[in-house]
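Report on one structure; see the data block that follows.
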Amino acid sequence: MAETPFRIAPAVPAFDATGTPYSPEYGDIYHSADSGPGQARHVFLGGNGLPQRWAGARAFTIVETGFGLGLNFLETWHAWRADPARPQRLHFVSVEKHPFTREGLAELHGRYPGIEPLAAELQAAWPLPLPGLHRLHFEDGCVTLSLFLADVADALPKLRLGADAFFLDGFAPDRNPGMWLPAVMKALARLACPGATLATYTTARAVRDALASAGFAPELRPGFGRKRQMLAARYAPPRPPRHAAPAAPAWSERRAIVIGAGLAGAAVTERLVARGWRVDVIERRPEPAAEASGIPAGVFHPHVSRDDSFLSRLTRVGYLHALTHWQALESSGHRLDWQRCGVLQLAKDARDEPRMAATARALGFPAEFMEYVPRGAAGARAGCEVRGGGWWFAGSGWQQPAGLVAAQLAAARARGGLVLHLNIGVHALEKMEDGWRALAPDGTAIAAAPVVVLANAHDAARLVPLATILKSVRGQLTRLPAENLALPRTVLAGAGHLVPLADGTAVAGATYDFEDDDPAPSAQGHAGNLKRLEQLLPGVAARIDPASLSGTVGFRCVPADRLPLIGALPDAASVRAAGSARALSRLPGLYGALGYASRGLTWAALGGELIASAVEGEPAPLESDLADAIDPARFLLRSARRGKL
Numbered sequence: 000m001a002e003t004p005f006r007i008a009p010a011v012p013a014f015d016a017t018g019t020p021y022s023p024e025y026g027d028i029y030h031s032a033d034s035g036p037g038q039a040r041h042v043f044l045g046g047n048g049l050p051q052r053w054a055g056a057r058a059f060t061i062v063e064t065g066f067g068l069g070l071n072f073l074e075t076w077h078a079w080r081a082d083p084a085r086p087q088r089l090h091f092v093s094v095e096k097h098p099f100t101r102e103g104l105a106e107l108h109g110r111y112p113g114i115e116p117l118a119a120e121l122q123a124a125w126p127l128p129l130p131g132l133h134r135l136h137f138e139d140g141c142v143t144l145s146l147f148l149a150d151v152a153d154a155l156p157k158l159r160l161g162a163d164a165f166f167l168d169g170f171a172p173d174r175n176p177g178m179w180l181p182a183v184m185k186a187l188a189r190l191a192c193p194g195a196t197l198a199t200y201t202t203a204r205a206v207r208d209a210l211a212s213a214g215f216a217p218e219l220r221p222g223f224g225r226k227r228q229m230l231a232a233r234y235a236p237p238r239p240p241r242h243a244a245p246a247a248p249a250w251s252e253r254r255a256i257v258i259g260a261g262l263a264g265a266a267v268t269e270r271l272v273a274r275g276w277r278v279d280v281i282e283r284r285p286e287p288a289a290e291a292s293g294i295p296a297g298v299f300h301p302h303v304s305r306d307d308s309f310l311s312r313l314t315r316v317g318y319l320h321a322l323t324h325w326q327a328l329e330s331s332g333h334r335l336d337w338q339r340c341g342v343l344q345l346a347k348d349a350r351d352e353p354r355m356a357a358t359a360r361a362l363g364f365p366a367e368f369m370e371y372v373p374r375g376a377a378g379a380r381a382g383c384e385v386r387g388g389g390w391w392f393a394g395s396g397w398q399q400p401a402g403l404v405a406a407q408l409a410a411a412r413a414r415g416g417l418v419l420h421l422n423i424g425v426h427a428l429e430k431m432e433d434g435w436r437a438l439a440p441d442g443t444a445i446a447a448a449p450v451v452v453l454a455n456a457h458d459a460a461r462l463v464p465l466a467t468i469l470k471s472v473r474g475q476l477t478r479l480p481a482e483n484l485a486l487p488r489t490v491l492a493g494a495g496h497l498v499p500l501a502d503g504t505a506v507a508g509a510t511y512d513f514e515d516d517d518p519a520p521s522a523q524g525h526a527g528n529l530k531r532l533e534q535l536l537p538g539v540a541a542r543i544d545p546a547s548l549s550g551t552v553g554f555r556c557v558p559a560d561r562l563p564l565i566g567a568l569p570d571a572a573s574v575r576a577a578g579s580a581r582a583l584s585r586l587p588g589l590y591g592a593l594g595y596a597s598r599g600l601t602w603a604a605l606g607g608e609l610i611a612s613a614v615e616g617e618p619a620p621l622e623s624d625l626a627d628a629i630d631p632a633r634f635l636l637r638s639a640r641r642g643k644l
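Mapping of the sequence shown onto numbering that gives the first Met the number 0: position 610 corresponds to residue 609, and the numbering continues sequentially without gaps.
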């Protein structure tokens with residue numbers, strides 16, 4: 000039987016006799032009755048020596064257990080804003096098992112005069128109660144909140160970061176002992192940078208002993224309000240830890256080369272430039288988005304499964320990240336051609352409908368994200384008669400990839416960090432002492448930089464050994480004139496998809512053709528798309544002549560396991576020479592954003608953020624098991640472990 004994934008039970012605002020926010024589930028208050036903001040400033044900021052400790056730093060990372068009302072984050076953000084010596088980037092990573100809803104936060108925040116402006120920004124960005132890691136950007140990306148909605152014991156081992164400070168703000172140890180176990184303290188130590196500090200209101204002896212055992216040196220300090228004492232600590236292990244927090248990379252200059260100006264390359268470029276990097280984008284075509292990203296419209300929606308598989312989790316975090324990123328682009332004045340008209344994923348047949356309904360019940364996701372709708376309701380959402388019921392994704396829809404690429408490159412150009420080289424291919428990459436050179440076919444250097452990102456799909460294997468095969472799968476879309484059908488109001492998906500465009504026409508597709516490299520649309524491909532359309536809208540395809548149709552062909556880049564390759568590229572020679580996975584090293588400064596297959600819209604923004612975070616040494620935007628699942632070295636590691644090198 001499939002395992003049921005973690006379900007979030009949101010907290011509901013409640014108050015004790017003094018009017019202090021209170022948790023009936025844990026029988027404890029969320030903060031001191033004397034003052035929530037005051038406790039945040041004294042215990043958590045003061046206990047960690049902030050803001051003094053972050054003065055002049057390029058970046059500073061705080062890890063918190065127990066987000067609660069978010070007062071610690073808001074007070075830290077306020078202190079960062081007020082400090083002229085603040086770090087360039089502030090990362091606040093917080094774990095919460097029972098988050099409040101946006102409405103609940105608004106009700107609670109209204110009780111604290113002075114925090115309204117920042118609280119309103121937090122509320123506006125607040126995510127749906129979905130399990131996993133949610134990344135929220137503020138202050139033009141200079142302040143980042145990574146909110147991990149999960150049990151703390153499950154979440155901490157999945158974080159990849161180096162923490163400068165810790166805020167331990169769970170309910171009291173006798174009310175919520177799971178947040179104070181020795182295993183939790185050891186997980187925190189694994190994340191600690193040398194000299195990291197920690198603060199908490201509790202002084203329980205068991206907590207002090209657990210911290211000391213994990214390598215922290217705890218000390219009692221004066222408490223806040225009516226509480227006489229609090230606890231502060233510094234990470235000072237007696238011997239070097241076996242699993243130390245990752246150190247930030249050091250680069251000779253903040254300059255990168257991105258090869259490929261499609262969805263993958265544009266997303267990486269925008270994210271690097273937003274962090275102050277100068278990026279040379281090299282594209283072999285005369286213009287960006289001239290290959291697979293040049294289709295008229297692509298569909299974006301989550302993938303769901305009863306067991307919340309790797310694919311489902313990765314698609315969910317990518318989908319949510321993409322929506323946030325696209326909205327930020329539009330807020331900055333960059334135009335996108337997209338519609339969140341909803342996506343209706345129809346059941347294959349009547350026998351499939353109970354399965355889809357049962358999956359929706361088992362997952363328990365909020366209806367704003369996904370829900371099952373029976374046939375009648377499905378037809379009402381679509382505005383036309385459909386074959387059956389299915390999953391309804393209210394926030395999903397379609398996007399024109401070329402417009403998204405243009406917007407991201409325009410955003411990079413507006414920051415002064417983009418150099419675009421068009422109509423020139425990279426013949427080879429040459430390793431230098433302090434980076435790489437991208438060479439043109441005549442041997443001249445197009446650009447040089449310490450960091451190179453391959454975002455050029457199948458062509459990447461020509462430049463660097465990838466230790467895996469990237470299949471090229473032809474996909475043909477069919478353009479349907481408006482006079483041939485009454486368009487639905489939503490995207491219909493199933494065996495194929497139907498996208499109603501803003502101009503009154505529609506796009507249907509798509510074929511999945513192996514061993515076919517013909518770039519021209521074919522009548523056979525159109526006939527296949529009409530057959531798929533018939534399964535979505537019975538009776539429509541018979542009225543359309545395949546020979547009268549036009550369309551578009553693109554070539555998907557598909558890895559063997561259909562998951563992308565995102566991250567630092569492996570040095571295959573190091574593993575093959577030693578014959579062991581333990582010998583794996585990475586090609587210095589070389590990254591990949593490849594193999595997005597049919598999910599470029601869903602994964603590109605996440606891929607850009609993941610690579611930019613790795614290059615900068617920032618907290619990763621997704622859990623470690625998901626990062627491992629898309630690691631470009633995974634195929635090489637599997638072969639080494641099986642002794643098949």
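C-beta atoms are modelled at their ideal positions from N, C-alpha and C, and glycine is treated no differently.
For residue i versus residue j, is the C-beta distance shorter than 8 Å?
i: P86; j: W250; result: no
i: G553; j: G495; result: no
i: A198; j: F147; result: no
i: V62; j: V92; result: yes
i: N455; j: G259; result: yes
i: W391; j: R380; result: yes
i: S292; j: L262; result: yes
i: L335; j: G389; result: no
i: L605; j: R312; result: no
i: F299; j: Q407; result: no
i: T196; j: A164; result: yes
i: R52; j: E74; result: no
i: R315; j: P295; result: no
My output table needs one value for residue i: the three-state DSSP class, helix, strand or coil.
i: W53; result: helix
i: R241; result: coil
i: V303; result: coil
i: P20; result: strand
i: L262; result: helix
i: A427; result: strand
i: K347; result: coil
i: A628; result: helix
i: L146; result: strand
i: A296; result: coil
i: R233; result: strand
i: P400; result: helix
i: D173; result: coil
i: H324; result: helix
i: P520; result: coil
i: D139; result: helix
Using the Cα positions of residue i and residue j, report the straight-line distance between them to the nearest angstrom.
i: A519; j: P285; result: 19 Å
i: M0; j: D153; result: In this predicted model, M0 has a pLDDT of only 40, less than 50, meaning its place in the structure is not dependable; the value taken from the coordinates is given anyway. Each residue's alpha carbon lies about 22 Å from the other.
i: D512; j: D168; result: 54 Å
i: G46; j: G161; result: 19 Å
i: L465; j: G264; result: 18 Å
i: T143; j: A244; result: 19 Å
i: A401; j: L322; result: 16 Å
i: W276; j: H324; result: 19 Å
i: L68; j: A10; result: 10 Å
i: D82; j: L117; result: 16 Å
i: W602; j: A105; result: 31 Å
i: A136; j: M431; result: Reading the sequence as shown, one finds His at residue 136 and not Ala. Spanning the two alpha carbons is a distance of roughly 35 Å.
i: G387; j: E533; result: 13 Å
i: L328; j: D139; result: 11 Å
i: G594; j: S471; result: 10 Å
i: Q523; j: P545; result: 8 Å
i: E252; j: R101; result: 42 Å
If you count every other CB in all the chains shown that lies within 10 Å of the CB of residue i, and 16 or more means buried, which is it?
i: F99; result: buried
i: H90; result: buried
i: G508; result: buried
i: R305; result: buried
Would you list the residues sitting across from residue i in a DSSP beta bridge?
i: P499; result: A505
For residue i, verify whether its CB is less than 7 Å away from any heavy atom of the ligand NAD.
i: A195; result: Of the ligands one can find in the structure shown there are none, so the ligand NAD has no counterpart to examine.
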